[in-house]
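Down below is the structure, laid out as structure tokens.
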């Protein structure tokens, strides 16, 4: 009885880990913010956001919510589903950010190939402003009311428990400028015995100073907790995940010294284990 | 033979070259104070206003026997070129100076009447005067920055201001040159240049600080006293008496003893606090010294104002950007109609522009505009009431940037008699280009309407629902946005920053600036790339206090780069 219970809990571990990773949001995430994290994606949202395909195939669905810096006019809601067959991985999702006069709706698609020791993928997101003034110049031109971006990501398990990755979410863009400039990000993580440590570095376009992040995640049974720090300016965040069977629910908060807290919530079913 | 300060006269040669002037004997010698001759003791060459009839030259005989003036030639020198001497008067056989006495040659208006009435037509410096004696001796008195050596002895004396004379002090001074022997003095024809007892209020030394105090608030009346007599004045011997005089009567201010002992030539400063009722006042300062021999220099006065004047400034456009020229808006706060032509407008300099071109008197509480270019202003604001738009000429050009004083310039309104009406020292710091300053909320602030509101009061502000409001929330790349604020303090320091969604600060459109409780300021978004940003507006009270911080969202739309 006890052994069976342990096996069931062990089976949930990848789900919990996926949630942890999902909540430790990327520095420059936007439309599908809660679904990805440094390293290979573990959720459909993460795959769309970064272009890093998940290691494991299997159906997954996740929904996320974020309130940026405590601003009610800046909220993101996203849903995505993903699937895999043999080496192929695919995910699609929809999100909406901001109040009508500010925000936009986005549809995302990602596809790629992955094994347990590496993978590569492409991601594309199309956006449309939620509010275009009728009769305005923007309303008359598609490129003035909609935009798109295409990027890629790749990862590699360089040694046991050590993964390295690079992602360029905006290799190409057209139409309305994306809400956030997302440069090249490189990173690495080391995982052993339920402990995950990671480092990231993103180099902004235009030669600006790079951003850095570092995090640690710990899991024990159906609970997992994590913490991260980032620079420019120095800030940190914490999160907590609870899971049962293939369902997980999570909450996280990141505190910015000037702008306040960004809160993320996530609910998921399935997902890929690393 | 010479008593001192001797130089050889080059005039003979110069005259020979230049011609036109009376001849000087080839054997002539110059002296600053020729021995055995009457001395030139005092000269008035520049009266206030028209000099005609006021000019005089005084000879003094320091010896104990009479000296003749027969044959002496008094000549005026034009310092603008060499050899330009013109005969003004020649002494007759009957003219002489008694022992220790004086002999005045001058115009018909000189009091007491001179011994010889002559129109001297002396030059107003840098020029000279000389007495050429029959024995060849020449005494030269030069004044001002002269170029040719024939016009002075030793060194030229100072060039005095109109109304003052150039006096040898003491009357027989012989220190080796005009500069040492002569100085500016109150004219004293026929009298000693240095009295035995003479205490004077230094002309022009009176000052009132602050220049325009609030009614009932103490201000400082300061000035300087000089002992011009030949004897010392003991401490407490003289009294200083101040009176404020207005149309309704006079008010004694203070009377106190001069506490310092003054040796001959000493000066001492005085400062007295005093408070005035509202209005325009003549402040009269007088010295009372028993036995003072020159009462003419014992008093001075100053015209001052306590409290606000009848006309006040309400808006200042010192850096126009639309070709309308500089302008200021004024308001009649007197309760009675005002004739704007009876006021002047100036800056920190001395130029005083006089209004013209408007029509009629300015009614109480009404606004008017004084413009550098009236036509240009009316083109820029065609709806203005032309009767209340005046030009002021000459226009005192207003500076656009601060100097080391922390101010850019001053705008000064005065009444026709020179009484200060209002002075505004303005700062250009933090004022966006082209935006006038307007008076509101107890201070001078960038105008609520960036184009200015000539002949209109400042734009009324609608209270905000929040402390800050950034509008619009969505603007096109390169556009401008406005930050409005409504704060619980009378003055605050405000700043605005932009952060991207990753939490990185990307711009600081408004560096910290001082602002009134309510206001707004536009800022260009040209340097910010398209995207979605978080605005962070901050304010703190002027002085100490907690910050108010508010965040908002801003979308800058544009094409992907």
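Protein chains in written order, with my numbering: chain A, 6 to 279; chain B, 99 to 659. Idealized CB from N, CA, C, for every residue including glycine.
Unbroken beta strand (DSSP E) run spanning residue i, endpoints
{"i": "residue 54 (chain A)", "result": "Taken as a continuous stretch (DSSP letters only), residue 54 (chain A) belongs to no beta strand (DSSP E), being part of the alpha helix (DSSP H) at 49 to 55."}
{"i": "residue 172 (chain B)", "result": "171 to 175"}
{"i": "residue 67 (chain A)", "result": "65 to 72"}
{"i": "residue 229 (chain B)", "result": "225 to 230"}
{"i": "residue 485 (chain B)", "result": "No beta strand (DSSP E) contains residue 485 (chain B), which DSSP labels as neither H nor E."}
{"i": "residue 661 (chain B)", "result": "Absent from the structure is residue 661 (chain B), since the part of chain B shown begins at 99 and ends at 659."}
{"i": "residue 66 (chain B)", "result": "Within the shown structure, residues of chain B are numbered from 99 to 659, placing residue 66 (chain B) beyond reach of any answer."}
{"i": "residue 350 (chain B)", "result": "347 to 355"}
{"i": "residue 193 (chain B)", "result": "Taken as a continuous stretch (DSSP letters only), residue 193 (chain B) belongs to no beta strand (DSSP E), as it is neither H nor E."}
{"i": "residue 591 (chain B)", "result": "578 to 598"}
{"i": "residue 371 (chain B)", "result": "365 to 372"}
{"i": "residue 633 (chain B)", "result": "629 to 639"}
{"i": "residue 180 (chain B)", "result": "From DSSP, residue 180 (chain B) is part of no beta strand (DSSP E); its letter is neither H nor E."}
Cβ of residue i within 8 Å of any chain A Cβ
{"i": "residue 641 (chain B)", "result": "no"}
{"i": "residue 577 (chain B)", "result": "no"}
{"i": "residue 632 (chain B)", "result": "yes"}
{"i": "residue 657 (chain B)", "result": "yes"}
{"i": "residue 431 (chain B)", "result": "no"}
{"i": "residue 565 (chain B)", "result": "no"}
{"i": "residue 629 (chain B)", "result": "yes"}
{"i": "residue 598 (chain B)", "result": "yes"}
{"i": "residue 601 (chain B)", "result": "yes"}
{"i": "residue 606 (chain B)", "result": "no"}
{"i": "residue 651 (chain B)", "result": "yes"}
{"i": "residue 559 (chain B)", "result": "no"}
{"i": "residue 571 (chain B)", "result": "yes"}
Proximity of residue i and residue j at Cβ, strictly below 8 Å
{"i": "residue 514 (chain B)", "j": "residue 486 (chain B)", "result": "no"}
{"i": "residue 112 (chain A)", "j": "residue 96 (chain A)", "result": "no"}
{"i": "residue 726 (chain B)", "j": "residue 478 (chain B)", "result": "A question about residue 726 (chain B) goes unanswered here, because the residues of chain B that appear run from 99 up to 659."}
{"i": "residue 182 (chain A)", "j": "residue 203 (chain A)", "result": "no"}
{"i": "residue 324 (chain B)", "j": "residue 365 (chain B)", "result": "yes"}
{"i": "residue 275 (chain A)", "j": "residue 63 (chain A)", "result": "yes"}
{"i": "residue 592 (chain B)", "j": "residue 628 (chain B)", "result": "no"}
{"i": "residue 572 (chain B)", "j": "residue 106 (chain A)", "result": "yes"}
{"i": "residue 603 (chain B)", "j": "residue 595 (chain B)", "result": "yes"}
{"i": "residue 456 (chain B)", "j": "residue 443 (chain B)", "result": "no"}
{"i": "residue 269 (chain A)", "j": "residue 102 (chain A)", "result": "no"}
{"i": "residue 275 (chain B)", "j": "residue 301 (chain B)", "result": "no"}
Where the alpha helix (DSSP H) containing residue i begins and where it ends
{"i": "residue 472 (chain B)", "result": "472 to 478"}
{"i": "residue 132 (chain A)", "result": "It is not in any alpha helix (DSSP H) - residue 132 (chain A) instead sits in the beta strand (DSSP E) that spans 123 to 134."}
{"i": "residue 150 (chain A)", "result": "147 to 150"}
Beta carbon proximity, residue i to chain B, threshold 8 Å
{"i": "residue 224 (chain A)", "result": "no"}
{"i": "residue 258 (chain A)", "result": "no"}
{"i": "residue 32 (chain A)", "result": "Because the pLDDT of residue 32 (chain A) is 43, which lies under 50, any placement of that residue in the model is unreliable, and the number read from its coordinates should be weighed accordingly. For residue 32 (chain A), the answer is yes, since a Cβ of chain B falls inside 8 Å of its Cβ."}
{"i": "residue 78 (chain A)", "result": "yes"}
{"i": "residue 35 (chain A)", "result": "yes"}
{"i": "residue 261 (chain A)", "result": "yes"}
{"i": "residue 152 (chain A)", "result": "yes"}
{"i": "residue 264 (chain A)", "result": "yes"}
{"i": "residue 103 (chain A)", "result": "yes"}
{"i": "residue 107 (chain A)", "result": "yes"}
{"i": "residue 270 (chain A)", "result": "no"}
Open item on the list: Please identify, using Cβ separations under 9 Å, the residues of the segment 56 to 74 of chain A that lie next to chain B, in order along the chain.
Closed with: Under the 9 Å Cβ criterion, the segment 56 to 74 of chain A contributes 73 and 74.
Task: Ranges of the beta strand (DSSP E) found wholly within the segment 161 to 225 of chain A, counting only runs of at least 3 - done: Segments of the beta strand (DSSP E) lying fully in the segment 161 to 225 of chain A: 167 to 180, 189 to 197, 200 to 208 and 216 to 225.
TODO: With a floor of 3 residues, list each beta strand (DSSP E) that falls wholly inside the segment 247 to 303 of chain B, ordered by position along the chain.
DONE: Listed in chain order, the complete beta strand (DSSP E) runs (minimum 3 residues) inside the segment 247 to 303 of chain B are 263 to 266, 280 to 283 and 297 to 299.
- [ ] Mind checking the segment 166 to 197 of chain A against chain B and listing, in chain order, the residues whose C-beta falls within less than 8 Å of any C-beta there?
- [x] If the cut-off is 8 Å between Cβ atoms, the segment 166 to 197 of chain A has 178, 179, 180, 181, 182, 183, 184, 185 and 186 near chain B.
Open item on the list: Under 7 Å, CB to CB, which of the residues in the segment 507 to 527 of chain B have a partner in chain A?
Closed with: Close to chain A, meaning a Cβ-Cβ distance shorter than 7 Å, is no residue of the segment 507 to 527 of chain B at all.
Open item on the list: Closer than 8 Å between beta carbons: that is the criterion. Which residues of the segment 237 to 251 of chain A meet it against chain B?
Closed with: Close to chain B, meaning a Cβ-Cβ distance shorter than 8 Å, are the following residues of the segment 237 to 251 of chain A: 237, 238 and 240.
- [ ] Entirely within the segment 483 to 542 of chain B and at least 3 residues each: give me those beta strand (DSSP E) ranges in chain order.
- [x] Entirely contained in the segment 483 to 542 of chain B, the beta strand (DSSP E) runs reaching 3 residues are, in chain order, 487 to 491, 507 to 513, 518 to 524 and 535 to 538.
Task: Residue ranges of each beta strand (DSSP E) within the segment 244 to 272 of chain A, 3 or longer - done: At a cut-off of 3 residues, the continuous stretches assigned as beta strand (DSSP E) that sit fully inside the segment 244 to 272 of chain A are 252 to 261.
Open item on the list: Output needed in chain order: residues of the segment 298 to 317 of chain B with a Cβ under 9 Å from some Cβ in chain A.
Closed with: Within the segment 298 to 317 of chain B, no residue qualifies.
Open item on the list: My parser needs the beta strand (DSSP E) runs of 3 or more residues fully inside the segment 387 to 472 of chain B; what are they?
Closed with: Counting only runs that start and end inside the segment 387 to 472 of chain B, the beta strand (DSSP E) elements of at least 3 residues fall at 397 to 404, 409 to 415, 425 to 430, 441 to 444, 450 to 454 and 465 to 469.
Task: Short-range partners of chain B found in the segment 116 to 134 of chain A, where Cβ spacing is below 9 Å - done: Those would be 134, in chain order.
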